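Residue numbers (the working numbering): 3 to 712. Glycine included, each C-beta is placed from N, C-alpha and C at the ideal position. Note that the coordinates shown come from a computational prediction; the quantities given were computed from them, not determined experimentally. The next block holds one structure in the form of structure tokens; read it before the comments.
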């Protein structure tokens with residue numbers, strides 16, 4: 003058991019032998035071998051690994067340190083820093099303090115959808131001056147702790163551009179996706195840097211397989227041959243404008259307009275003992291557009307600097323879900339349709355005043371005000387035997403939810419000694435939530451928040467960070483409003499009594515550099531939650547997302563890089579990201595302890611990459627696996643698992659007529675999508691109505707990535 007926990011690479015290889023048929027496995031290993039042999043036979047000579055130098059105690063990388071990867075953007079560089087992983091932007095409440103572990107020219111990214119990955123992908127590699135690895139708790143940016151990357155860049159005179167095209171070919175069922183990619187143009191005039199970019203995060207996917215349905219006695223009652231297709235386009239047009247004045251004033255403006263067009267179609271051919279053959283079709287469509295604008299202006303004021311930040315976002319999302327079932331005996335078609343139009347917006351103004359008293363400490367006073375709203379109109383219709391959709395009564399499905407929120411916080415940071423530094427913040431927020439409609443009400447809350455973080459430099463290559471935080475969570479306003487899932491035949495009623503969850507979060511982060519052999523970051527964390535949002539009973543037989551008194555989450559994250567240059571394999575590296583997590587909450591129906599619904603259990607992402615010295619070739623293998631807990635409703639329990647994991651391989655050439663070309667083939671293990679659902683007669687502590695077991699597969703996936711500059 004210990005070996006399994008410590009060597010995930012070994013046990014996913016074990017899964018290959020156990021879960022994949024030998025004939026199928028032989029074909030897949032042959033394909034994998036042929037792909038890798040293309041690059042493996044090329045010449046090998048000595049090459050220096052990615053290294054950094056220390057300047058005034060700060061690890062510094064220069065563009066030359068990444069030259070062997072032929073980077074196109076700052077993102078390409080940051081992703082190759084040993085032992086560093088970009089933290090994903092969280093769905094934080096308002097703007098608040100900084101949470102991303104990436105800074106641009108020493109400043110936080112002030113937008114919300116403009117996350118670190120997006121921002122770095124728009125910076126051309128040729129505009130990067132240097133990249134620094136800093137300890138967040140030592141900076142005068144409240145909220146940061148652990149390793150932080152600071153990308154120093156400046157647009158060159160004139161105009162430069164970059165592009166990336168990401169076509170994908172699924173070898174079974176789904177048409178090719180030719181529409182994923184991005185392009186940006188950057189330049190400089192006077193004191194202004196600008197970037198204009200366009201991106202389409204398009205996808206085409208699908209899977210097919212058999213679903214079996216059993217009654218409460220375990221007898222087979224239905225056989226379903228199912229085929230599901232998904233497609234989406236998410237074009238985003240954005241403009242970024244940065245200003246640096248001679249008097250030290252700095253301003254940034256980001257504007258973005260996006261659309262999201264999503265379509266899902268699922269066909270299910272059904273038959274079973276004593277049942278009429280049926281053809282069930284489900285279609286889901288969303289046609290969303292949204293706009294986001296953010297800006298900040300920072301300037302000297304008195305003994306410090308004042309930063310003003312503004313943010314505005316609006317989204318319009320009409321969705322239609324339609325279910326129709328036709329019968330072989332010519333019986334009348336049955337069906338239902340759920341239509342919803344949602345308008346939501348967020349307006350934020352934040353001010354931060356920073357100053358440095360004598361003694362090397364940093365102070366900040368921050369105030370933030372926000373207004374959020376969600377306006378929904380919904381309708382449920384059921385198809386009559388005459389073929390007309392009849393409107394059903396659905397209380398609480400049309401409503402408007404608004405929140406007005408204010409926050410005030412003071413933050414203090416100071417070095418305690420040559421090896422210790424401290425950062426602490428204390429604040430509070432006031433919020434008022436108002437819901438209109440027949441079940442609506444108005445409520446207000448005051449919540450304390452803040453944190454205490456300490457950093458200990460235990461040695462030249464070892465850092466410890468300790469942090470305790472009181473956090474207030476972000477409510478999902480959709481949870482207030484009644485909704486229907488016509489595909490799974492369940493619904494949530496309206497719940498106007500939701501309150502934001504609160505958490506005590508503790509963590510310890512160990513960062514260690516192993517010299518030329520790589521580095522590792524280990525994060526141990528625990529969270530004590532009050533008023534957690536999970537499924538709760540409403541009334542006699544209703545249910546909806548609601549608050550449960552308490553819950554816990556704890557786990558670890560490991561980000562590590564092993565460099566093989568000093569081990570006799572120049573140009574090779576292994577990156578492993580591992581997260582293990584457990585959770586506990588008392589079920590509101592049974593009172594028994596269970597995992598929190600839809601939370602992470604484990605996630606493993608690994609890449610073995612070899613950049614062949616003295617050539618433009620690189621190749622490697624990747625592996626990804628993720629597990630989440632069950633979705634627990636009061637009337638059903640369901641779980642989705644993709645198993646045994648996604649094993650892939652890639653070959654890359656960095657100069658094909660000036661372009662970088664990467665070809666990657668995924669799903670060598672024949673990853674299956676497995677879905678199980680148990681539906682109860684009434685509540686999940688009573689008798690079972692039926693059970694569904696489904697396995698779908700989707701075959702191999704070929705990704706091409708073609709990128710360049712102009």
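Compare the beta carbon distance of residue 306 and residue 355 with 8 Å and say whether it is the shorter of the two.
yes
Leaving out the 5 sequence neighbours to the left and right, which residues in its chain are closer than 7 Å to residue 431 when beta-carbon positions are compared?
407, 408, 409, 449, 451, 474
Start-to-end residues for the beta strand (DSSP E) that takes in residue 326:
306-329
Candidates 206, 235, 231, 125, of which the one nearest residue 185 by Cα
125
Would you decide whether residue 79 is buried or exposed? Buried here means 16 or more other CB atoms lie within 10 Å of its CB.
buried
Out of curiosity, what's the CA-to-CA distance linking residue 782 and residue 348?
For residue 782 there is no data in the structure shown, the boundaries of the chain being 3 and 712.
Quick check on this structure: which residue in 548, 657, 632, 624 has the alpha carbon closest to the alpha carbon of residue 618?
657
CA nearest to the CA of residue 152, picked from 159, 522, 133, 423:
133
Could you tell me if residue 405 is buried or exposed, where buried requires 16 or more neighbouring beta carbons within 10 angstroms of its beta carbon?
buried
How is the alpha helix (DSSP H) around residue 79 delimited, first residue to last?
76-80
Measuring alpha carbon to alpha carbon, tell me which residue in 386, 401, 109 is nearest residue 335.
386
Residue 727 to residue 107 span [Cα, whole Å]:
Nothing can be reported for residue 727: it is not among the residues displayed for the chain, which extend from 3 to 712.
Quick check on the burial criterion: 16 or more other C-beta atoms within 10 angstroms. Buried or exposed for residue 247?
exposed
Counting only runs of 3+ residues fully inside the stretch 548-606, write out the beta strand (DSSP E) ranges in chain order.
574-588
Proximity to residue 192 [Cα-Cα], best of 244, 210, 168:
244
Quick check: the stretch 572-582 against the stretch 552-564, are at least 3 beta-carbon pairs closer than 8 Å?
yes
With 16 other CB atoms within 10 Å as the buried threshold, where does residue 48 fall?
Residue confidence for residue 48 is low, a pLDDT of 35 falling below 50, so the modelled location carries little weight; the figure read from the coordinates is stated next. Answer is exposed; the Cβ neighbour count stays below 16.
Chain C beta carbons: is any one of them nearer than 8 Å to that of residue 342?
The displayed structure is made up of one protein chain only, and chain C is not part of it.
For residue 382, write down the residues that DSSP places opposite it in a beta bridge.
340, 394
In angstroms, rounded to a whole number, what distance separates the CA positions of residue 412 and residue 455?
14 Å
Taking residue 153 as part of the beta strand (DSSP E), name the residues at either end of that continuous run.
149-155
Can you find the residues in the same chain that come closer than 7 Å, C-beta to C-beta, to residue 331, ignoring five residues on each side of it along the sequence?
278
Tell me the start and end of each unbroken beta strand (DSSP E) in the stretch 470-505 that is at least 3 residues and wholly inside, in chain order.
485-487, 492-494
Would residue 606 and residue 627 be called neighbours here (beta carbons separated by less than 8 Å)?
yes
Across which residues does DSSP place residue 425 in a beta bridge pair?
415, 455
Are the beta-carbon atoms belonging to residue 469 and residue 509 less than 8 Å from one another?
yes
So what's residue 50 in DSSP terms, helix, strand or just coil?
Note on residue 50: pLDDT 45, under 50, position unreliable in the model; no value is reported.
Could you check what DSSP says for residue 169 in three-state terms: helix, strand or coil?
coil
So, is residue 502 buried or exposed, given that buried needs 16 or more other C-beta atoms within 10 angstroms?
buried
When we look at the beta-carbon of residue 393 and count the other beta-carbons within 10 Å, is it buried (16 or more) or exposed?
exposed
Going by other Cβ atoms of all chains shown within 10 Å of its Cβ, with 16 needed for buried, is residue 496 buried or exposed?
buried
Using 10 angstroms around the beta-carbon of residue 585, count the other beta-carbons present and answer buried if the total reaches 16, otherwise exposed.
buried
Whole-number beta carbon distance between residue 308 and residue 301, since they are thought to touch under 8 Å:
6 Å
Would you give the residue range spanned by the beta strand (DSSP E) that residue 2 belongs to?
Residue numbering for the chain in the displayed model covers 3 to 712; residue 2 lies beyond these limits and cannot be assessed.
Please report the straight-line C-alpha distance between residue 668 and residue 620, rounded to a whole angstrom.
17 Å
Can residue 206 and residue 252 be called in contact, C-beta distance under 8 Å?
no
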